Structure formats: structure tokens, C-alpha cells
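I have placed the structure first, in the form of C-alpha cells, so that the comments after it can refer back to it.
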Amino acid sequence: MRLTLPIVIAGLALAAPAGAQDTDPRLVVREVVRTATARAYQGRNAGQEQTERISRKLRVGRDGRVTIANISGEIAVTGGGGDEVSIEAVKRTRGDRSELANVEVVIEERAGRVEIRAEHTRFRDRRGRGDSASVDFTVTVPASASVDAHSVSGSVKVSGVRGSVRAESVSGNVTTTDTPNLELAKSVSGDVSLTGAAADGDLTAGSVSGDITAKGLKARGLDLNSVSGDVLLTDVACERLTVKSVSGNIEYTGTIVRTGRYEINTHSGDVRLTLSNPPGFELTANSFSGSVRSDLPLTIGGNSGDDRGRGRERHNMRATFGDGSATLSIRTFSGGIVIARR
Amino acid sequence: MTARQQRPTLPFPSKEATVSPEDLVAQCQAGNVDAFETLYHQHAARLYTLACRMAGSPEDGEDLLQEIFLQAYRKLGSFKGDAAIGTWLYRLALNHCLDYVRSRQAKMNKLTDTLDAETSIQPTARRETPIARLDLERAVERLPDGCREAFVLHDVEGFDHKEVGRLLGIAEGTSKSQVFKARMKLRALLGRA
Amino acid sequence: MHPTETAINDYVDGTSDPFERNAIDEHLAACAACRQLVEDLRELKSATATLELRPPPVRAWGRIERAIRLEQRDRPRAVFPSVKSLYWLGAAAAIVLAALIFPRFLPGRAPAGGDEPAEMSASARQAAEAIESELRLAESHYENAIKGLEAAAKSDQDALDPGTAATLQKNLAVIDQAISESRAAMRAQPTSEPAQQSLIENFKTKIALLQDTVALINEMRKGNEAGAARIVSGLKNKG
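Chains as they are written, first to last, in this note's numbering: chain B, 572 to 913; chain E, 642 to 834; chain P, 370 to 608.
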């Protein structure tokens, strides 16, 4: 049987609200959901998963902010209707049921904000010994809330959230869908997959070994970074772009704008830029040993004439297309560069 | 980052020889790029700082800085010496920043008075540590377009509300309320709400 | 009845009329919340007064110079040749290297538009050599920074879980491979700009990854694992 601690109010009295001015925004309502351990010992059940489910519903307001911090386990956030946050946390362990007590689910409620955390109470040996409990969070938030979700070893998924979104994991994948205000999506070893992502300002996405894949990406500034992963962008539009990889390929299929600045950099990966109806741009494409090719009719240097069919491989190209208003800078070391027309 | 760059010595004439401001400007006007570089180093930090804060990000600030100095190079011929070169550069930079801000606003079609609906910035837990400069700098960058420029011009650069209104093309009362909104947002961002 | 926040704002700025000021003084004597607000706004004002100038990135001048050169090409004026040398900034925790800017008349460089000024003097050749030796100097600075970070990263590898540690190691090896390719290219073609640029970029990438690794380790060690996930968003300076 589960023992739930009563709601703990952190040191401040609840004042009867007499007007917006009087509500103390520092009021924190903190709930720690613990598992009673005394009666829970059920013998070792190695291999069989023990779970415990916790459900909560809280009001946060349509534009509230929700933070979810997990250590071991997944996070899935979905934007729904209304102004409630609905939390489902499932603790899991493959060890003894009593191990579920090693992780606490902490829910803190502040004015307009909810903070959800998994806290491990026992020392965690990084080599994996000791605590073997994890928590999976499934959270529904108001569609226009802001979400900040991060897990150390677990995937993070955010879907249909219209407020600002930040999603990170160290070893898990990060997946976002329909997020018109995505600020940050990062992982170290996981993949980052964005569908229908946008930002009014700048959007940063990165992984060290994982791929960054985006379908439908629109932002003012894009900053995308991987070391060994590919960066594959389809249906992308932005005013300023910085994309870097070391060994991964980079593909950009989309549009550029008149005075935009676009920088693409990879060492051994290939770069493929496919533009639909591009405005004029000035291109500087350089490779040490890779080939540079354009399917668009470009004015190379000061001389007109296109480069197709010459049969000679070039390693660099400075060229103008149209009125040369946008700036494209593409560099590789050994990878090939192709500028294609859609 | 240090303000001065460390350069190894090169077998070329020193660029650091002290030159009077008038001579420096004259050299720049004659097309001496080295002299222009010296001028750049003398004034870049001031103008870059202004550009970053007005534009709201160091990346935009850097782009603006380039445009500002390129324009300065082009227009230097018309500088008559009736003001200090630093003042002339500042005015040029400020105008450039304002143009940038205005064109961006037009592009993004955002009204400066919709801050009440802007709630993606929420107060963090109250902290009692003093406000660190870097935190404040970052918080200023995070201010929404509209109130940020008013705040920078009034609270940082020291223009009064009438001047801010004239520069931004808004009423004096609007400048006041924008600066005030910016202060409240900063207060929240810095953990004071 | 609290004064409006606008009134308090004016009060803090010293622009309320005397009548208003007295009314607020009286109110503040009795209201802690408003006192707090006034104190906060005053603190903000004094913090704002301490904001400092921010130096632009080192690469900024190079870009401006290049733009000016393009202008001069289109509208020629008297030009004094200016040879750029290599800049680098050393700092306790990070090394930032500006992009290498070469004058258009550097020998061996692929001409971009075929319309270079004819003067290619002994001084230009001297410049090329000076630049190469500076590049070697910069390389050794980078390597020292890297050694320091590597030591920090290795000493506490157990703070990271084995999977993450392995990923980071593997990717450091990818970057090392890229660095050695760039080096080989530079040995073969010392004046090749793509080769030099790639070497510098790879150094920067390596340092950035090491910095992130060290930061991640620090957070893990502190037991702040949830904070560790935030570290992933890159505390390093960009540029």
C-alpha cells in the first residue's frame, strides 16, 4: 500500500487573495511522493519489472511553465486543451520492489509554474550498480504552455506545445513535433528529430554522435551542430544559418532569404544544398580535396558562364547568382559540395 | 576575452604609433586601412555593445557591427570634424541599430504592446545573491523586442523619455511604459519577483 | 491600497511630484511588498550602471576589412597594403582563434576573380612565411589547451556513465582524425587556405567538445545529474 505524504507548504502562509497584487508569487507548494518501504519487501524478483504509478493533476494556467527533470527514464510531453497539467509518473525497477523507494517524484507548484523532478535518494554508482530505479514521465500540458524537459539517460519527446520548448538528453533521443517556439533540442549520444519546428528567434539543435533530422523547420536563426552525426534538413527556411559537423553529411533542402547569411561547415562529410527559387546570393564554396559543383547557373567570379559540362573538377568556387544579396559560405575538407536546384 | 588582442611582433611598421585623433581621421579619409583598423579598435567595443543590446543577441550585434563600420568607411569622407569622431561613430551606429530594429519589427509584425500576453519568461525562484553583470547582460538580451530597445536607450545609454520617443518613433508615455515593463521583466528574470 | 507599479517606477526614478512622493513614502513605511519592489528596482538600476563594454569577437575586424577591400576594388582609392597576421586570444579556460585572413595578393592562393593588383613584393613573401610560423605557434597554444582539458576529462571519467564516456571518446577520436588530415594537407600545401581553415575549425571543435565533457563531468560529480543534462546545451562561448 502506498503512503502519500500530505502536501507540504514551504514555509509561507497562504494569504487569502485580495487582488493580483497580494498573491505572493514565491508561494511554493511542494509535494514529495514517497513509497513506504517497510512493508514493501517482496523478495528478489530479478528480471521481472516492478512498477508504481503516480498520477497528479494541477492547474497552471494557459501560459504556464512546466519543467521536467529526469535522470533515468523517459519524458513524453504533449500539449492538450485547458489549463491543467496532468502528470503520470511510472517508477520502474528490475530489482526488488523496495528499490522503487530510491527515487522520489517531486512536484513543486509555484505561481504559473510547475516543476517536476525525479530525485534519487541513494548514491548512484555511475557504473550502474546500486540504484536501479527509473521513472517515466508522461505529462500533458496546456497547449500554449512553455516546457523545459531534460533527462540524463532517457528519451525526451515533446509534441504540440506552442510555448517555448527546450528539450535535452545526454544519452537519449530528443524528438519534437509541432513546436512553433522551439529554442533548444540537444543530446550527446542520441538523435535529435524535429518535425514542424519553428522559432521566432534562434533555434539551436545539437548532438555529438547522433543525427539531427528536421522536416519542416522555420526560424530566424538556426544553429545546428554535430560531430559524427549527419544534419539533414528538409523544408527548411531561415535568415541565418550555422551548421557544423565533422564527419557527418549536411543536407539543406529548402529556401533562403534575400539578405540571409548561411554558413555550412564539415570536414569529411558531403554537403548538399537544394534550393527552391532562391533569391540572389553570393557563394563562397571551398574544399581542400572535395569537389564543388553547382547545378544553378552561376556567375563565377567576374566572368559569366556556367560551370556545367566542363568536366573539370573544382575545389573552390566564388560565384554570384542573381543579385548576390544573400551570403552562402560552404566549407569542407574532403567532402563534396553540391548546390542543386529543386 | 580581453579587449586588447595580443599580436606577435612582425617585421612591419608598428600600427600602434600614437597619432592624434585628427591625423588618424585624415589618414582614414585618405584610404589608409591600417589607420581605419586603429580607429576600429578604439571604438568597436562601445559600438558592438550598443549593437548587441539593441539587437538582442551577440550574433546580430556582430552583423550590425560589420555594417556599421562599413558604412563608417563609406561616409567618412563627409565627416567635417565638427564633433568628436567617437560621437559621429556613435550616432551612425545608433541610427543603424534603430533602422535594423524597425525593419525587423515590420518584418515580424509584432506590436510592442503585447507584453501582457508574453509569458514564456517566468520568474525563477527568488535569489538573494547580488545581480551579476553577466546575468543582467543576458537577461537584457532576453527582453522582448520593443521594451528592450527602450530600456537600453533610457536606462543604459541615458537618453530621457522624450529622446527615446523621438529615436524610436513612439510617444513619450509609451517609452515610459516600455522601460517600466522591461524593468519588471528583468526583475523576474533575475529572480527577484 | 497599493500605488500603481508605474507610480513606484516614477518614484524610483525620482520623477514623481512631491505629493505623490509623500504618499508613496507613507505607504512604503507600512508595506513590505512594495518596499521590496522599490528595493529591487533600485538594485536593478545600480546593476545597470555597472554594465560593461563588451569587446567584439576577434574575427569581426577581418570581415570588415574584407568588405572594405571589396569596396576598394569596386571604387579604387590609394591603398596601403595591410598584411594581417594571426590573432589568437588566450584565456584561462578557453582559446578562441580568429579566422585566418589573408591578403588577396598572397602567393599560392587561388585567385578569386582574376583581377589582383600586380604588386607582389618580397614583403608579401615575407608575410607568408611570418604567417606560417605564427600558425605553428597558434597550433602549439591550442595543443596545450587541449592537453589541459584532456587531463581534466580523463581524471574524472568515472563520473560519467560508461556509454556516454565511450561516445565522447569516440567522437574525440573522430575530431583527432580530422585534425591529422588537416595537418597532412597543410604539410603538402602550406599556403592552402582550406587546409589552414580546416585545421583551425577542427581545433575549435575539439576544444569545445572537451570543454563540454569537463563541464558535464563536473555536474555529474556534484551529484547534480539533472543539471548535467542542461550542460549539454553548451556553456562554451561560441566564437
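Beta carbons: idealized from backbone N, C-alpha and C, even for Gly.
These numbers come from a predicted model, not from an experiment.
Neighbourhood of residue i by C-beta, 7 Å cutoff - its chain only, sequence neighbours within 5 removed
i      : result
E/Y681 : F710
E/A713 : L730, L733
Distance between residue j and residue i (C-alpha atoms, nearest Å)
i      : j      : result
P/S385 : P/C403 : 16 Å
E/K817 : E/R743 : 19 Å
B/F904 : B/V661 : 48 Å
P/I576 : P/I433 : 27 Å
B/T898 : B/V842 : 16 Å
E/E782 : B/L867 : 39 Å
P/D530 : B/S626 : 30 Å
E/A823 : P/K414 : 12 Å
P/G459 : P/N571 : Confidence is the limiting factor: at P/G459 the pLDDT is only 25, short of 50, which leaves the residue's position unreliable, though a coordinate-based value still follows. P/G459 and P/N571: Cα-Cα distance of roughly 17 Å.
B/G906 : P/I548 : 15 Å
B/L788 : B/R829 : 18 Å
E/D675 : E/G718 : 17 Å
P/R552 : P/A542 : 15 Å
E/L830 : E/A780 : 6 Å
B/G800 : B/V909 : 19 Å
B/G792 : B/N752 : 12 Å
B/G666 : B/S703 : 7 Å
B/S764 : B/D806 : 14 Å
E/E798 : E/V660 : 29 Å
P/I569 : P/P563 : 10 Å
E/G810 : E/E804 : 10 Å
Neighbouring residues, chain E, relative to residue i (Cβ below 9 Å)
i      : result
B/D773 : S698, E700
B/G895 : Residues of chain E passing the Cβ test: none, with the nearest at roughly 16 Å.
Any non-hydrogen atom of the ligand NAD closer than 7 Å to residue i Cβ
i      : result
B/L793 : With respect to the ligand NAD, the structure offers nothing, as it holds no ligand at all.
Residue span of the beta strand (DSSP E) that contains residue i, given as start and end
i      : result
B/C809 : 802-816
E/G722 : It is not in any beta strand (DSSP E) - E/G722 carries neither H nor E in the DSSP assignment.
B/E659 : 655-664
B/S900 : 897-903
E/Q668 : Segment 662-670 is the alpha helix (DSSP H) holding E/Q668; no beta strand (DSSP E) there.
B/I678 : 674-681
B/N836 : 821-837
Endpoints, alpha helix (DSSP H) assigned at residue i
i      : result
E/F677 : 674-696
B/R688 : Not the alpha helix (DSSP H): B/R688 falls in the beta strand (DSSP E), residues 684-691.
P/N540 : 531-557
E/H795 : Unbroken run through E/H795: none, as it is neither H nor E.
Chain P residues whose Cβ lies nearer than 9 Å to that of residue i
i      : result
E/R774 : A416, T419, L420, E421
Best match in the options for proximity to residue i [C-alpha to C-alpha]
i      : options                        : result
B/G731 : B/V718, B/D749, B/V745         : B/D749
B/S780 : B/V741, B/L774, B/R688         : B/V741
B/E670 : B/L846, B/G800, B/S657, B/Q621 : B/Q621
E/A791 : E/E700, E/L691, E/W729, E/G702 : E/L691
B/E679 : B/V817, B/K628, B/R912         : B/K628
P/E440 : E/R828, E/R807, E/G672, E/E663 : E/G672
E/A685 : E/A812, E/K716, E/G727         : E/G727
P/A436 : E/L688, E/G722, E/E678, E/H737 : E/E678
B/V736 : B/G767, B/V759, B/G743, B/V723 : B/G767
P/T582 : P/G517, P/E412, P/S561         : P/G517
B/S778 : B/C809, B/R811, B/A738         : B/A738
B/D762 : B/G734, B/V727, B/L774         : B/V727
Sequence-distant residues of its chain with Cβ nearer than 6 Å to residue i (five each side left out)
i      : result
P/N540 : none
E/C693 : P699, G702
B/V814 : L795, V802, I821, I835
B/T845 : T824, A911, R913
E/G814 : none
B/D771 : none
Proximal residues of chain B, C-beta to C-beta of residue i below 7 Å
i      : result
P/T533 : V741, S742, V759, S760
P/E570 : N836
P/I544 : V798, V817
Chain-ordered neighbours of residue i on chain E, where CB pairs are closer than 8 Å
i      : result
B/G831 : Residues of chain E passing the Cβ test: none, with the nearest at roughly 11 Å.
8 Å Cβ cut-off: residues of chain P touching residue i
i      : result
E/F821 : E374, T375, N378
E/R824 : N378, L410, L413
E/D664 : Near E/D664 there are no residues of chain P at all, since even the closest Cβ is about 15 Å away, more than 8 Å.
E/F800 : Chain P residues near E/F800: none, gap ~13 Å exceeds 8 Å.
Listed by chain order, chain E residues near residue i by CB distance under 7 Å
i      : result
B/G792 : E700
P/R404 : Residues of chain E passing the Cβ test: none, with the nearest at roughly 13 Å.
Cutoff 8 Å; reference residue i; Cβ partners in own chain excluding five residues on either side
i      : result
B/G861 : D841, H886, T903, F904, S905, G906, G907, I908
B/G562 : A query on residue 562 of chain B cannot be resolved here, the shown segment of chain B reaching from 572 to 913 and no further.
B/G895 : G851, F852, E853
B/E659 : R624, I625, S626, F708, T709, V710
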